[in-house]
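Colleague: Pasting a structure here, questions to come.
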Amino acid sequence: MKYDAKDLALAPQGKDRIEWAESTMPVLRMIRKRFEEEKPLDGVRIASCLHVTTETANLMRTLKAGGAEVCLCASNPLSTQDDVVASLVEDYGISVFAVRGADNDLYYSHINASLDIKPHITMDDGADLVSTLHKKRRDLLEHVIGGCEETTTGVIRLKSMEEHGVLEYPMVAVNDAMTKHFFDNRYGTGQSTIDGVLRATNVLLAGSRVVIFGYGWCGRGVAMRARGMGANVIVCEIEPVKALEAVMDGFTVMDAHEAVKIGDIFLTLTGNISVIRMEHFNAMKDGAIVANAGHFNVEIDIPELEKVATGKKRIRHELDQYTMPDGRKINLLGEGRLINLAAAEGHPASVMDMSFANQSLASEYIVKNAKILEKKVYSVPDEMDREIARLKLESIGCTIDTLTEKQVKYLSSWEEGT
Ligand code: ADE
């Protein structure tokens, strides 16, 4: 078995933490049990590029239980949990290529190492593995029957590939399942982003002005949780309907040029590039805190900041303080990488339970439907999505009502009115 790990001696700690996560992943546990019996992924090679966390470890165990040969690499250089890598290799016999803090070359060499298994299925978070496969490893395309994508940014990239006619195999947009983005993007990102900011700074949110860039599912979640901790939340959004929604959700909405003058903490969750740039840094208050929770580290224009700043000092774990020419200090968290994974541990297991149930079932779906799927981006089938919600409800002991026959008839009729 091949791997690249920082230190295999970390395995015992990793195993304890993987099992701790497993305890709040009941849906994935049920799927794993069925996979052990039915082996729906027998002989299937899966190259996965995901954040290497305790939750991902449980997904890898599930795929392996289904009979797959899996190889995991990191989807972000700063999200890898080295003890999890060690345990996956030592305790679960799974190939992993991931080292926290990897530079760009190492990051891509790990993606290539994962692709070396000649995957039938790719499982990506952000589409770096898919893009490497399409750009540099085209000889491997003949083996691939399909892929699953975990995140909004990745799905946007895949849809762009489909539109440009360059997508070479079918994809399932796991992100777009209701049981993924309603929960993971909103409650997962909502909580873990605040967690990351607090671990990196230990500032008091109550009474502070928190500026959220982007009011998608992730931005909504963070805005909601920041307000819950007593922050005055300001939303900056370019899409009018979303901006209006933020207004009616009770947030202050204004353009970035106004917001940067009064904010204390700035968080980007847009999926776009250079959202916070020099014109914004120039207007920020002394001591402003800036972090990103979007997939890539391009939302904050760090190269510009590096160019203009007269000094840079690491003040705390994951907090770099830049000195501006006029003496103001700007505090950048997590090197502009996903703060919830760079400074905290990502989303809690109980929400990743549903995201990774989707990944597991999407892999099974690809195997079963390989012959009929085209080179397109597919949604997760509705029944699968609802089944995951049903299992999650069951696991928390929550029962819900079913329609009576009379109600079913009423809903499918058009004759009855006032
Ligand atoms: N993305 C966000 N949180 C995560 C987690 N805990 N594990 C894997 N991917 C994630």
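Numbering (our numbering), first residue to last: 809 to 1226. Even glycine gets a Cβ: it sits at the ideal position worked out from N, Cα and C.
Which residues does DSSP pair with L1141 in a beta bridge?
Modeller: Along the sequence shown, one-based indexing puts residue 1141 at 333. Within the DSSP bridge table, the entry for L1141 names L1127 as partners.
Colleague: How would you call L1077, buried or exposed, if buried means at least 16 neighbouring beta carbons within 10 angstroms?
Modeller: In the sequence shown, residue 1077 corresponds to position 269, counting from 1. Buried.
Colleague: Span of the alpha helix (DSSP H) holding S939?
Modeller: On the sequence shown, position 131 is the one that residue 939 refers to. It spans D936 to K944 - the alpha helix (DSSP H) in which S939 sits, taken as one unbroken run.
Colleague: Can you pull the DSSP bridge partners for V1185?
Modeller: Position 377 of the sequence shown, counted from the start, is the residue given in the question as residue 1185. M979, per the DSSP bridge assignment.
Colleague: Starting from the Cα of A1101, find the closest Cα among R1028, E1066 and A1067 and give me that residue.
Modeller: The residue you call residue 1101 lines up with position 293 of the sequence shown. Answer by Cα proximity: R1028.
Colleague: Say yes only if the C-beta of P927 is nearer than 8 Å to one or more non-hydrogen atoms of the ligand ADE, and no if none qualify.
Modeller: Residue 927 sits at position 119 when you count from the first residue of the sequence shown. Not so, every heavy atom of the ligand ADE lies at least 8 Å from the Cβ.
Colleague: Tell me the start and end of each unbroken alpha helix (DSSP H) in the segment 814-897 that is at least 4 residues and wholly inside, in chain order.
Modeller: The segment 814-897 contains these whole alpha helix (DSSP H) runs: 819-830, 834-846 and 862-873.
Colleague: Where E957 and A1117 are concerned, what is the direct C-alpha to C-alpha distance, given to the nearest angstrom?
Modeller: Indexing the sequence shown from 1 puts residue 957 at position 149. Indexing the sequence shown from 1 puts residue 1117 at position 309. If you take the alpha carbons of E957 and A1117, they lie about 37 Å apart.
Colleague: What is the DSSP secondary structure of C1206, reduced to helix, strand or coil?
Modeller: As a working note, residue 1206 is residue 398 in the sequence shown. Residue state, collapsed to three classes: coil.
Colleague: Does the beta-carbon of S1158, which I'm using as the reference point, lie nearer than 8 Å to any heavy atom of the ligand ADE?
Modeller: Your numbering for residue 1158 matches position 350 in the sequence shown. No, the Cβ of S1158 stays beyond 8 Å of every heavy atom of the ligand ADE.
Colleague: Could you pull the DSSP bridge partners for F1074 from this structure?
Modeller: Sequence index remark: in the sequence shown, residue 1074 carries index 266 (1-based). Paired residues: V1019 and V1098.
Colleague: Between the Cα of T864 and those of R1033, V892 and I1138, spot the shortest distance and give me the residue it belongs to.
Modeller: Position 56 of the sequence shown, counted from the start, is the residue given in the question as residue 864. Here the closest residue by C-alpha is V892.
Colleague: Classify E957 as helix, strand or coil using the three-state DSSP reduction.
Modeller: Residue mapping note: residue 957 aligns to position 149 of the sequence shown, counting from 1. In this structure, E957 counts as strand in the three-state DSSP scheme.
Colleague: Are the beta-carbon atoms belonging to A935 and L966 less than 9 Å from one another?
Modeller: Locating residue 935 in the sequence shown gives position 127, where the first residue counts as 1. Locating residue 966 in the sequence shown gives position 158, where the first residue counts as 1. Taking 9 Å as the Cβ cut-off, A935 and L966 qualify as a contacting pair.
Colleague: Would the beta-carbon of D992 fall within 9 Å of that of S1163?
Modeller: For this step, residue 992 is matched to residue 184 along the sequence shown. For this step, residue 1163 is matched to residue 355 along the sequence shown. In this structure, S1163 lies closer than 9 Å to D992 by Cβ.
Colleague: Helix, strand or coil: which one does DSSP assign to I1042?
Modeller: Counted from its first residue, the sequence shown places residue 1042 at position 234. DSSP places I1042 in strand when its eight states are reduced to three.
Colleague: Which residue or residues does DSSP assign as beta-bridge partners of M931?
Modeller: Here residue 931 is taken as the residue at index 123 of the sequence shown, counted from 1. DSSP output for M931 lists S856 and C956 as bridge partner(s).
Colleague: What do you reckon, is the C-beta of S903 under 8 Å from a heavy atom of the ligand ADE?
Modeller: As a first step, residue 903 must be located in the sequence shown, where it is residue number 95. The closest heavy atom of the ligand ADE lies 8 Å or more from the beta carbon of S903.
Colleague: Quick check on the burial criterion: 16 or more other C-beta atoms within 10 angstroms. Buried or exposed for L1211?
Modeller: On the sequence shown, position 403 is the one that residue 1211 refers to. So L1211 ends up on the exposed side.
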